[in-house]
Structure formats: structure tokens, C-alpha cells
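Accompanying notes for the structure given below.
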Amino acid sequence: MGQPRNPARKPGGLTRAQRLTKRTEFDSILQDADIRLTRFPVRLVAKANTLGFARLGTIVAKRNVRSAVDRNRVRRLLREWFRAHADRFRSYDIVLFVRDYSKPGDQLKATLENVLQDWDRRINKLGT
RNA sequence: AGAGACGGCUAAACGAUCGCUGAUAACACUGAGUUAUUGGAGGAAAGUCCGGGCUCCGUAGGACAAAGUGCCAGGUAACUCCUGGGAAGUGCAAGCUUACGGCAAGUGCCACAGAGAAUAUACCGCCGUGUAAUUCGGUAAGGGUGAAAAGGUGCGGUAAGAGCGCACCGCGAUGGCUGGUAACAGCAUCGGCAUGGUAAACCCCACUUGGAGCAAGACCAAAUAGAGAUCAAAUGACGUGGUCCGUGUCUGAUCUGGGUAGGUCGCUAGAAGUAUUCUUAGAAAUACUCAAGAUGAAUGAUCGUUCUCGACAGAACCCGGCUUAUCGGCCGUCUCUCUUU
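Each step along the first sequence adds one to the number in the numbering used here, with nothing skipped, and position 83 is 115.
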């Protein structure tokens with residue numbers, strides 16, 4: 033398996049290449065992360081990569097979100113959020129945890145907005 | 001018209017833009033991608049409670065243990081499921097419910113109340129006898145207690161009573177007759193009636209069950225280092241369903257090449273669905289259809305319009321059931337009550 037060279041060709045897309053699919057990739061990101069952000073119930077862990085584009089992985093534990101329908105809903109919201117803002121994550125691998133969820137998803141969306149602001153602040157500090 | 005019973009169907013609709021995923025075609029080409037067309041959660045996908053297919057381990061043979069099932073007949077790949085029937089209970093009825101073999105093999109349990117609770121019992125009462133009086137004997141008809149007091153009603157009988165005797169009802173028994181494939185039902189005969197409940201208590205009887213599960217398993221294959229086959233030796237250790245018998249492996253020699261990360265297959269054309277005929281379920285015949293296949297895991301987001309303002313809830317190898325959750329809407333058949341004619 034070579035490196036995907038042509039990743040986010042479509043501006044609003046989210047292809048297989050832009051998702052984390054290996055257990056080892058998850059482990060390496062979680063073990064030595066560059067950035068960690070927490071805004072309950074969302075937790076973001078990120079590590080710089082050399083691909084030139086961002087990748088996303090989500091972890092929604094069955095323990096925290098009991099219903100399978102809700103778990104799917106959370107995952108879709110996260111992916112949609114990542115897809116909308118993929119350019120702002122530059123060349124980082126992102127892992128998102130969600131520890132709690134309750135209907136409707138508006139609260140989660142608001143939290144994600146805050147996370148995005150935190151992320152911008154952090155990335156600008158590092159970038160300089 | 002109202003109240004109810006049973007069965008079936010459905011699970012907001014439409015449009016636009018962006019996105020994900022399978023298939024097909026074209027373009028392109030060795031990284032793959034781009035474009036177009038088209039498929040993309042459920043009635044329970046759930047719980048994982050049963051049954052099967054499929055796969056491997058294995059050979060399944062025996063004994064014990066454990067678990068399950070328990071009226072009869074039929075259906076099915078199979079079932080603890082379904083259909084029909086019987087019996088019992090329940091409702092005015094349509095209907096609904098039932099773990100529905102055996103407490104006369106043994107053991108255990110049955111609180112409280114009550115005189116007495118399983119070898120029955122004499123507290124009050126009733127009757128007899130005796131005394132100044134307490135007493136003694138008979139009695140289960142009456143009272144009281146209780147979930148339950150050892151058949152019920154009537155007549156006879158008696159000191160008072162009692163299946164003590166008789167009639168009817170109930171119960172039990174054996175064998176007989178009739179109907180039914182059978183469960184069972186009806187009739188006849190005999191027994192004065194004898195043993196309360198609990199087996200979803202242990203248990204007894206009859207029957208059934210090899211284990212693990214698609215992370216099964218097969219193939220391709222980096223690093224690193226194993227594995228398999230044949231022959232010989234050994235009888236202790238380890239494994240094989242819980243245990244035992246039984247049975248397999250080890251150690252050496254020879255030969256063969258090897259398989260973890262990752263990937264591919266398994267993976268959806270099937271005990272399939274729909275319609276018609278036939279039908280108790282089912283089976284059969286004919287015609288038509290192909291209807292998700294993901295894998296850190298697709299089926300979504302935003303906007304607009306309409307309405308009755310949207311419940312429970314998300315496929316993970318596949319089927320048949322059961323159980324549980326659920327906003328509503330629609331259709332059919334039937335029952336009861338009321339009104340009108």
C-alpha cells in the first residue's frame with residue numbers, strides 16, 4: 033500500500049484516504065500527540081502527518097452512548113463537521129472522542145464550534 | 001351510532017444542492033482516479049431466548065452428571081414454533097388463557113388464626129349418665145377460626161348424631177359397550193367415599209441433546225522465526241464436552257517447505273420474495289422479480305414547500321420462530337348494546 037497521492041481533490045469531500053482505518057495509526061496518534069483539546073463531552077487528539085492533508089478518526093464508545101442509533105448520529109455529525117472544515121486542520125491526523133450525547137444534536141454542534149475556535153488559536157500559536 | 005374481539009397492511013411526503021458506499025459502462029492507466037447511470041436499514045434490523053443451514057474441531061462409542069421438553073393429531077429442514085382437536089379456567093358474547101405426566105414411591109414446606117391442619121380434632125353447643133357441685137361418656141348435624149375442617153342436597157334413622165341406610169348430584173375403580181386415528185366423550189356396572197395443597201419444591205417416569213462459532217474457516221503474503229507428513233521409542237505430562245473409561249499429542253530420524261501485521265474470499269440467488277390457483281397450518285403448480293453487503297465500519301448534511309408535526313429504533317454469515325419496545329393511520333371479519341324502519 034503506497035501513500036495516497038491525490039487526497040482531497042474534491043473540496044467538500046471525505047474519501048477513504050481522509051479517514052483513519054488502521055488500529056496502529058490510532059495507537060501512534062494517541063501515544064504521542066502534538067495537540068490535545070477537551071471541551072466536554074468532546075475530546076480532540078491530533079498529530080502532524082506528512083501527507084499534506086488532514087485525516088479523521090472517531091471513537092464513540094458503547095459505554096458512553098448506549099443506543100446504536102445515537103452512535104451513528106454522533107459519527108455522522110462529526111464527519112460532517114470535519115468535512116466542512118477540513119482545510120483548517122492542515123496536515124494533521126485528528127482523533128475525536130465523544131463521551132456523552134443526548135437528543136437533539138444541537139448541543140454537540142455548539143460544542144464543536146467551540147472546539148474549532150480552540151483549535152484555530154492553538155494552531156496559530158504553533159504555526160508562528 | 002356506541003363499546004369490544006380477532007386478523008392484516010403501513011411506519012410523513014415532495015423538490016434542490018453537497019457528501020459517503022456497492023455495481024455497471026466509458027475515459028484513463030500502473031498511486032489510483034474522473035464522469036455517467038443505478039442499488040443502498042427494520043417491523044421489530046433489538047434481546048440473543050429456542051431451532052436449523054453453513055464451517056471447523058472431531059468420530060459422537062459407553063457410563064455418570066447437567067440441561068431441556070411433557071394432553072392428542074398433523075405441518076416443517078428443525079423447534080420449546082405453527083395449525084386443528086380435547087380438557088380445565090374465564091367473559092353476556094365474539095373470544096381469551098393454560099409448564100396441561102406423576103403428590104395412592106419417598107422426602108420437604110403450609111405463616112397467622114383456631115379446641116383441632118393429616119395417625120384428625122370435643123372450645124361452645126346438642127344428647128345420655130351421675131352428683132349438693134366440679135365430672136364422665138356419646139356426637140362432626142349447628143356456632144366460631146381459617147386459603148383449606150375429611151363429599152353436597154333431601155328423606156329415613158337416632159337419646160342426640162353420623163354414608164349408618166336410600167335417591168339424585170359429585171368422586172373413585174376396573175373391565176365392558178358405542179363414537180373418534182388419538183387425546184377424549186357418552187352409556188352401563190361396581191365401591192359408601194378411602195389418602196388437602198404444593199412437582200415454575202427436591203424427586204420419579206418418558207423422550208431429546210458431541211462441542212465451538214463467520215473474530216467459524218479458506219487463500220495470498222513483509223519483518224521475525226515456526227509448521228506439517230511418515231517411521232520408531234516412551235506410559236508420565238498435556239489436550240479432547242463437565243467427570244471417568246476410551247482416544248490424540250510430546251522425544252528422535254527422514255522428507256516437505258513455511259505464514260504474524262496487512263489483504264482477498266467466505267458475503268449474499270435463498271428451506272428467497274411477489275401474484276394467481278388450491279389450502280386448517282403447510283405443501284404443490286404457474287408466471288414474474290433480484291431487492292444493502294459496509295469492515296475504525298456507507299445509507300448523511302443543508303435549504304425550501306405541505307400535512308395529521310413524525311414513536312420504537314440502525315444490517316454485520318444466512319434463514320424459521322419466540323420475546324420485548326413503539327407516535328399514529330388504514331382495511332377486513334365477527335360479538336354485544338342502543339336508535340330508526
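Cβ atoms here follow ideal geometry from the backbone N, Cα and C, with glycine treated the same way.
Buried/exposed call for residue i, threshold 16 Cβ in 10 Å
| i | result |
| --- | --- |
| Val-101 | exposed |
| Gln-149 | exposed |
| Phe-72 | exposed |
| Ala-142 | exposed |
| Ala-118 | buried |
Residue i versus residue j: straight-line alpha-carbon distance, rounded
| i | j | result |
| --- | --- | --- |
| Glu-57 | Arg-105 | 24 Å |
| Ala-86 | Val-74 | 19 Å |
| Arg-51 | Asp-66 | 19 Å |
| Val-77 | Phe-114 | 14 Å |
| Ser-60 | Gln-139 | 30 Å |
| Arg-122 | Lys-79 | 11 Å |
| Arg-154 | Ala-116 | 19 Å |
| Arg-167 | Arg-120 | In the structure as shown, the chain starts at 33 and stops at 160, and residue 167 therefore has no counterpart that could be examined. |
| Pro-39 | Glu-145 | No answer about Pro-39 holds up, because its pLDDT of 37 lies below 50 and its placement is not dependable. |
| Val-92 | Arg-103 | 7 Å |
| Arg-131 | Leu-110 | 13 Å |
Proximity below 9 Å, CB of residue i to CB of residue j
| i | j | result |
| --- | --- | --- |
| Val-127 | Gly-89 | yes |
| Asp-125 | Asn-156 | no |
| Trp-151 | Leu-62 | no |
Option nearest residue i by Cα separation, candidates the options
| i | options | result |
| --- | --- | --- |
| Phe-129 | Asn-81, Ser-99, Arg-107, Asp-66 | Arg-107 |
| Val-97 | Tyr-133, Ile-91, Ala-118 | Tyr-133 |
Checklist entry - Hey, which unbroken runs of the beta strand (DSSP E) at 3 residues or more fall wholly within the region 81–128? => result As far as the region 81–128 is concerned, its whole beta strand (DSSP E) runs of at least 3 residues are 87–92.
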